[in-house]
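Enquirer: Quick one: the structure is below, and I'll ask about it shortly.
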Amino acid sequence: MELPIFKDIWQNSLQWQPNQEQLEKWEKLYQEILLINRQINLTRITEPNDFWEKHLWDSLAGVIGLNFLSYKDSLKVLDIGTGAGFPGLPIGIIFPHWQLALLDSTQKKIKVINLFLEALKLSNCQTVIGRAENIGHLSQHRETYDLGLLRAVAEPSVCAEYVLPFLKVGGIGVLYRGNWQKEEELNLNNALKQLGGKIILIKPLKTPLTNSVRHFIYVKKTTKISDKYPRAVGVPKQQPLSSK
Numbered sequence: 183m184e185l186p187i188f189k190d191i192w193q194n195s196l197q198w199q200p201n202q203e204q205l206e207k208w209e210k211l212y213q214e215i216l217l218i219n220r221q222i223n224l225t226r227i228t229e230p231n232d233f234w235e236k237h238l239w240d241s242l243a244g245v246i247g248l249n250f251l252s253y254k255d256s257l258k259v260l261d262i263g264t265g266a267g268f269p270g271l272p273i274g275i276i277f278p279h280w281q282l283a284l285l286d287s288t289q290k291k292i293k294v295i296n297l298f299l300e301a302l303k304l305s306n307c308q309t310v311i312g313r314a315e316n317i318g319h320l321s322q323h324r325e326t327y328d329l330g331l332l333r334a335v336a337e338p339s340v341c342a343e344y345v346l347p348f349l350k351v352g353g354i355g356v357l358y359r360g361n362w363q364k365e366e367e368l369n370l371n372n373a374l375k376q377l378g379g380k381i382i383l384i385k386p387l388k389t390p391l392t393n394s395v396r397h398f399i400y401v402k403k404t405t406k407i408s409d410k411y412p413r414a415v416g417v418p419k420q421q422p423l424s425s426k
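Counting in the numbering used here, the sequence shown runs from 183 upward without gaps.
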């Protein structure tokens with residue numbers, strides 16, 4: 183099985199196209215995932231069109247074409263709960279001058295991502311193993327990132343508590359969501375008031391092949407954050423700030 187190229191769809195949906203080197207690296211990543219998936223269940227999304235839409239297009243749709251990102255700069259980016267390496271790996275491939283950290287608490291997944299990084303020769307990506315609640319308090323990670331990515335991690339207000347401690351003041355968190363409800367927005371705003379952030383954009387999109395609803399929520403860190411955040415492991419999910 184090979185990945186589709188879909189250059190026209192890239193252009194029509196995101197006003198952007200991958201180059202030949204990027205296409206080849208994505209294909210290499212896809213083949214590596216198919217191989218490893220025979221041994222461990224890394225992702226259930228393996229059919230070529232599905233993989234293209236849900237892993238490649240979706241990953242990049244969250245970061246391409248934003249007027250508040252300085253694409254030429256060497257941004258420091260954190261992918262929280264990267265899982266099989268998404269959205270971080272496809273983004274690392276198209277922005278080789280960005281520095282990406284791929285964070286996950288599952289050692290098995292991090293080991294596999296390290297194999298991918300070696301196979302793809304992605305020197306701009308590194309892995310971090312641990313929970314966001316712990317790593318967010320370490321000085322080498324706290325308030326050092328320009329961009330934080332969270333896909334399918336937790337409810338939005340919980341994601342905000344995970345990501346804001348990692349961001350510099352002025353940094354942006356990107357929440358990858360499916361449907362988006364007004365209640366979620368109210369809860370997120372409530373959490374952001376306590377954390378020192380604000381929503382700057384809610385971008386709705388339809389996926390190009392299956393017409394599924396996607397929303398990308400962009401939150402900006404506006405002030406330094408209290409040392410108490412993120413709270414201890416498990417607490418953000420059990421006691422979301424939105425309920426306070």
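Note that the Cβ used here is the ideal one computed from N, Cα and C, for glycine as well.
Is there contact here, the region 351 to 362 with the region 333 to 341, by at least three beta-carbon pairs under 8 Å?
Expert: The region 351 to 362 and the region 333 to 341 touch, with no fewer than 3 CB-CB distances between them shorter than 8 Å.
Enquirer: At what residues does the alpha helix (DSSP H) containing residue 398 begin and finish?
Expert: Counted from its first residue, the sequence shown places residue 398 at position 216. Segment 395 to 403 is the beta strand (DSSP E) holding residue 398; no alpha helix (DSSP H) there.
Enquirer: Where do the ends of the alpha helix (DSSP H) carrying residue 274 lie?
Expert: Here residue 274 corresponds to residue number 92 of the sequence shown, with the count starting at 1. Looking at the DSSP string, the run of the alpha helix (DSSP H) that includes residue 274 is 270 to 276.
Enquirer: Between residue 244 and residue 398, how many whole angstroms is the CB-CB distance? I'm expecting something under 8 Å.
Expert: As a position in the sequence shown, residue 244 is number 62, starting the count at 1. As a position in the sequence shown, residue 398 is number 216, starting the count at 1. With a Cβ gap of about 5 Å, residue 244 and residue 398 count as contacting.
Enquirer: What residue range is occupied by the uninterrupted alpha helix (DSSP H) comprising residue 349?
Expert: Along the sequence shown, read from residue 1 onward, the residue named residue 349 stands at position 167. DSSP places residue 349 outside any alpha helix (DSSP H); the residue lies instead in the beta strand (DSSP E), whose first and last residues are 349 to 359.
Enquirer: To test your reading of the DSSP string, which unbroken alpha helix (DSSP H) runs of 4 or more residues are found completely within the region 216 to 262?
Expert: 230 to 233 and 240 to 243
Enquirer: Mark residue 237 as exposed unless 16 or more other C-beta atoms lie within 10 angstroms of its C-beta, in which case mark it buried.
Expert: In the sequence shown, residue 237 corresponds to position 55, counting from 1. Residue 237 comes out buried.
Enquirer: Quick check: what's the CA-CA separation for residue 242 versus residue 366?
Expert: Within the sequence shown, numbered from 1, the residue matching residue 242 stands at position 60. Within the sequence shown, numbered from 1, the residue matching residue 366 stands at position 184. Rounded to the nearest whole angstrom, the CA to CA distance from residue 242 to residue 366 is 23 Å.
Enquirer: Which first and last residues belong to the beta strand (DSSP E) in which residue 286 is found?
Expert: As a first step, residue 286 must be located in the sequence shown, where it is residue number 104. That run of the beta strand (DSSP E) goes 281 to 286.
Enquirer: Taking all protein chains shown into account, decide if residue 298 is buried (16 or more other Cβ within 10 angstroms of its Cβ) or exposed.
Expert: Translated into positions along the sequence shown, residue 298 becomes position 116. Burial call: buried.
Enquirer: In three-state DSSP terms, what is residue 329?
Expert: To locate residue 329, count along the sequence shown from 1; it is residue 147. Correct three-state label for residue 329: strand.
Enquirer: In angstroms, rounded to a whole number, what distance separates the CA positions of residue 412 and residue 190?
Expert: Against the sequence shown, residue 412 aligns to sequence position 230. Against the sequence shown, residue 190 aligns to sequence position 8. Rounded to whole angstroms, residue 412 to residue 190 spans 42 Å at the Cα level.
Enquirer: If you draw a straight line from the C-alpha of residue 292 to the C-alpha of residue 216, how long is it?
Expert: Within the sequence shown, numbered from 1, the residue matching residue 292 stands at position 110. Within the sequence shown, numbered from 1, the residue matching residue 216 stands at position 34. Answer to the nearest angstrom: the Cα atoms are 17 Å apart.
Enquirer: Would you kindly report the start and end of the unbroken alpha helix (DSSP H) that includes residue 308?
Expert: Numbered from its first residue, the sequence shown carries residue 308 at position 126. Counting along the chain, residue 308 falls outside any alpha helix (DSSP H), though it belongs to the beta strand (DSSP E) covering 307 to 311.
Enquirer: By the 10 Å Cβ neighbour count, where 16 or more other Cβ atoms means buried, how is residue 235 classified, buried or exposed?
Expert: Working through the sequence shown from its first residue, we reach residue 235 at position 53. It is buried - the Cβ of residue 235 has at least 16 other Cβ atoms within 10 Å.
Enquirer: For residue 343, verify whether its CB is less than 6 Å away from any heavy atom of the ligand MN.
Expert: With respect to the ligand MN, the structure shown offers nothing to examine, as it has no ligands at all.
Enquirer: Which stretch, first to last residue, makes up the beta strand (DSSP E) that contains residue 387?
Expert: Taking the sequence shown and counting its residues from 1, one reaches residue 387 at position 205. Taken as a continuous stretch (DSSP letters only), the beta strand (DSSP E) holding residue 387 covers 379 to 388.
Enquirer: Along the chain, where does the alpha helix (DSSP H) that runs through residue 302 open and close?
Expert: Taking the first residue of the sequence shown as position 1, residue 302 is located at position 120. Per DSSP, residue 302 belongs to the alpha helix (DSSP H) from 289 to 302.
Enquirer: Would residue 252 be called buried (16 or more neighbouring beta carbons within 10 Å of its own) or exposed?
Expert: Here residue 252 is taken as the residue at index 70 of the sequence shown, counted from 1. Answer is exposed; the Cβ neighbour count stays below 16.
Enquirer: What is the DSSP secondary structure of residue 201, reduced to helix, strand or coil?
Expert: As a first step, residue 201 must be located in the sequence shown, where it is residue number 19. Coil at residue 201, not helix or strand.
Enquirer: With residue 317 as the anchor, note down where its alpha helix (DSSP H) starts and where it stops.
Expert: What you label residue 317 is simply residue 135 of the sequence shown in a count that begins at 1. Residue 317 -> alpha helix (DSSP H) spans 314 to 317.
Enquirer: Taking C-beta to C-beta, are residue 274 and residue 304 nearer than 7 Å?
Expert: Residue 274 sits at position 92 when you count from the first residue of the sequence shown. Residue 304 sits at position 122 when you count from the first residue of the sequence shown. In this structure, residue 304 lies closer than 7 Å to residue 274 by Cβ.
Enquirer: Helix, strand or coil: which one does DSSP assign to residue 336?
Expert: Stepping through the sequence shown from its first residue, residue 336 is reached at position 154. Looking at residue 336 - three-state DSSP - the assignment turns out to be coil, as it is neither helix nor strand.
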